[in-house]
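Okay, structure first, notes after.
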Amino acid sequence: MRLITTSVAIAFLAVAPAAAQSITVQSPNGGEAWTAGSAHPITWVLTGPTKASAMDIVLIKGTVELGFIAQNVPVSPTTYTWTVGQYVGGPAGPGTNYKVGIREIGTTELDASDGFFTIARKIPGAKPPLPPVTMKVNTAHLTGTVKLELVREPNQDVGVIASDLPLNGSRPWNAGDYLGGRVSSGQYRVRVRSQARPTHFDDSDQPFTLTPSLPNMKPPHPLPVQPVRVPAIILNLYGTDSHPNVGDRVEHENISGRPTCDAPSNVRARVGRDWFQYQNVQLAALYRSRVHFDVGPYAARAGELTAARLRLKQVGSVRTGTNDTSCGRSACEMLGAWTSFEAVQITNCRTLHHWEAEYTIDITETVRKWLDGSLANHGLLLFAAELPMSTPWTCISCFEATFELDF
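Residue numbers (the working numbering): 1050 to 1456.
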């Protein structure tokens, strides 16, 4: 017979001379993955000087405090059961960059998780996990260290759960485990015994029940994430460069027989480089394209975004003097509005390999900044190699562009 291996926190409290303390977050402390809506303990340890008797617990996303998880929480016992994602103003959406912070009431100093933890998407139809259990044991008048023992009703010693523990604190426990074995179902108590004075101990006020686990229970298969597909808004632009440099700039009409990618234009992204003769001067014609989408309908879901991609598929090309499969070279964030072909500010460029005709570009952080407003949505700039003419060659590609968002 197997028992439920629920993670349990055994908390114990000592009555000791009043000592000044401060609060340090213990869990979550980074790396955890908790499902939204499930119950998990937020725990902390007490050290150093403080006069506070209560505190506030806050939820942090990135570097921003979202709101209170709980207020006026007693400093001790050092645990609080949290319905994951819930806060005043919440719930918080799935994400990988959350922390929990604890602030003593009356102060501005806050201690937060050392690293980020993840709030995972709740699977529809899945049953919530069993809530954590906290057993409180009074260890009044004990000194030194203690050990935890498991006792079967009415008063049968089973074994030691753990030893050499401080008087104050909590400890996770797989229910039913003890050093050297595992118990069957039944009613039990936890006993806290002084290691310095073994005749001094105390038991749980009431017994608790361990029940058999159901065999062969498998977790439900996670549902596949269905991305939101958003067509790109495309703006194709044209400019020239020359070799040698001349001040003349010619209009696009002077180049004939080259693809516009669509009629009307700006339906597909056009990138590349062409060459032609104008007034006995060899010139380079350059094609760039800006792609973006309207973030307005999705701005309220910035906290739920888990991934974003730009998909590019080459659907036509003109190439002479080159064996490249594709004419694309880079996709870069635009830092400002497009005011002229030459004056454009870009950053965070992703490489488009010239031997590939289809691209999937991870732009999660870029889109997240567009949605939460920390980066103006000027779009992404697509362009090819743009060298002045030395030998005549042409490479122009037309791309279908689609954004995919996972929430």
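Just so you know, even glycine gets a beta-carbon here, dropped at the ideal spot from N, CA and C.
Here the structure is a predicted model, which means the values were calculated and not measured.
For the options Ala1356, Leu1420, Thr1371 and His1427, the alpha carbon positioned closest to that of Cys1381 is the one of His1427. Of the candidates Glu1202, Asp1411, Leu1197 and Leu1216, Leu1197 places its Cα closest to the Cα of Gly1208.
Under DSSP, the beta-bridge partners assigned to Phe1166 are Tyr1147. In the DSSP secondary-structure assignment, Ile1109 is bridged to Glu1114 and Lys1148. Remark: three or more beta-carbon pairs, one from each stretch, lie closer than 8 Å, so the segment 1140-1151 and the segment 1343-1358 are flagged as touching. DSSP places Trp1324 within a strand segment (E or B) once states are collapsed to three. Nearest in C-alpha terms to Pro1215, of all of Val1239, Gln1236 and Gln1244, is Gln1244.
Shortest Cα-Cα distance from Phe1448 to any of Ser1253, Cys1376 and Gly1235 involves Cys1376. With the rule of 3 Cβ pairs closer than 8 Å, the segment 1239-1254 does not count as touching the segment 1278-1287.
DSSP, read as helix, strand or coil, puts Tyr1136 in coil. Distance from the CA atom of Gly1079 to the CA atom of Ala1434, rounded to whole angstroms, is 43 Å.
Linking Thr1096 to Asn1217 through their CA atoms gives a straight-line distance of about 11 Å.
Beta bridge pairing from DSSP links Lys1418 with no other residue. Per DSSP, the continuous beta strand (DSSP E) segment holding Pro1090 begins and ends at Ala1088 to Thr1096. Gly1116 is positioned such that its CB atom lies no closer than 8 Å to that of Lys1171. Excluding five sequence positions before and after Thr1167, the CB atoms of its chain that fall closer than 6 Å to its own CB belong to Ala1082 and Thr1145, given in chain order.
Per DSSP, His1249 has no beta bridge partner at all. Secondary structure at Gly1377: coil, using DSSP grouped into helix, strand and coil. Of Gly1229, Ala1169 and Arg1238, the smallest CA-CA separation from Val1200 is found for Arg1238.
At the C-beta level, Arg1360 and Phe1432 stay beyond 8 Å of one another. Straight-line measurement puts the Cα of Val1195 at about 6 Å from the Cα of Ser1212. For Arg1358, the three-state secondary structure derived from DSSP is strand.
Collapsing the DSSP output to three states places Glu1449 in a strand. Under DSSP, the beta-bridge partners assigned to Lys1196 are Arg1242.
In this structure, the alpha-carbon of Gln1075 lies about 21 Å from that of Ile1210. DSSP places Pro1280 in the uninterrupted beta strand (DSSP E) bounded by Val1277 to Pro1280.
Residue burial is scored here from C-beta neighbours: Ile1072 has at least 16 other C-beta atoms within 10 angstroms and is therefore classed as buried. Excluding residues up to 5 positions away in sequence, Gly1079, Thr1145, Asn1146, Tyr1147 and Lys1148 lie with their Cβ nearer than 7 Å to the Cβ of Phe1165 in the same chain. Ile1091 is not a Cβ neighbour of Tyr1136, given a cutoff of 8 Å. Taking C-beta atoms as the reference points, Ala1357 and Phe1452 count as a pair closer than 8 Å.
A direct Cα-to-Cα measurement between Tyr1227 and Gly1134 gives close to 33 Å.
According to the DSSP assignment, Phe1432 belongs to the beta strand (DSSP E) that extends over Leu1429 to Phe1432. Note on geometry: alpha-carbon atoms of Cys1310 and Arg1322 lie some 14 Å from one another. Separation of Leu1424 and Ala1103 (C-alpha to C-alpha, rounded to the nearest whole angstrom) is 39 Å. Residue burial annotation: Ser1233 is exposed, with fewer than 16 other C-beta atoms found within 10 angstroms of its C-beta.
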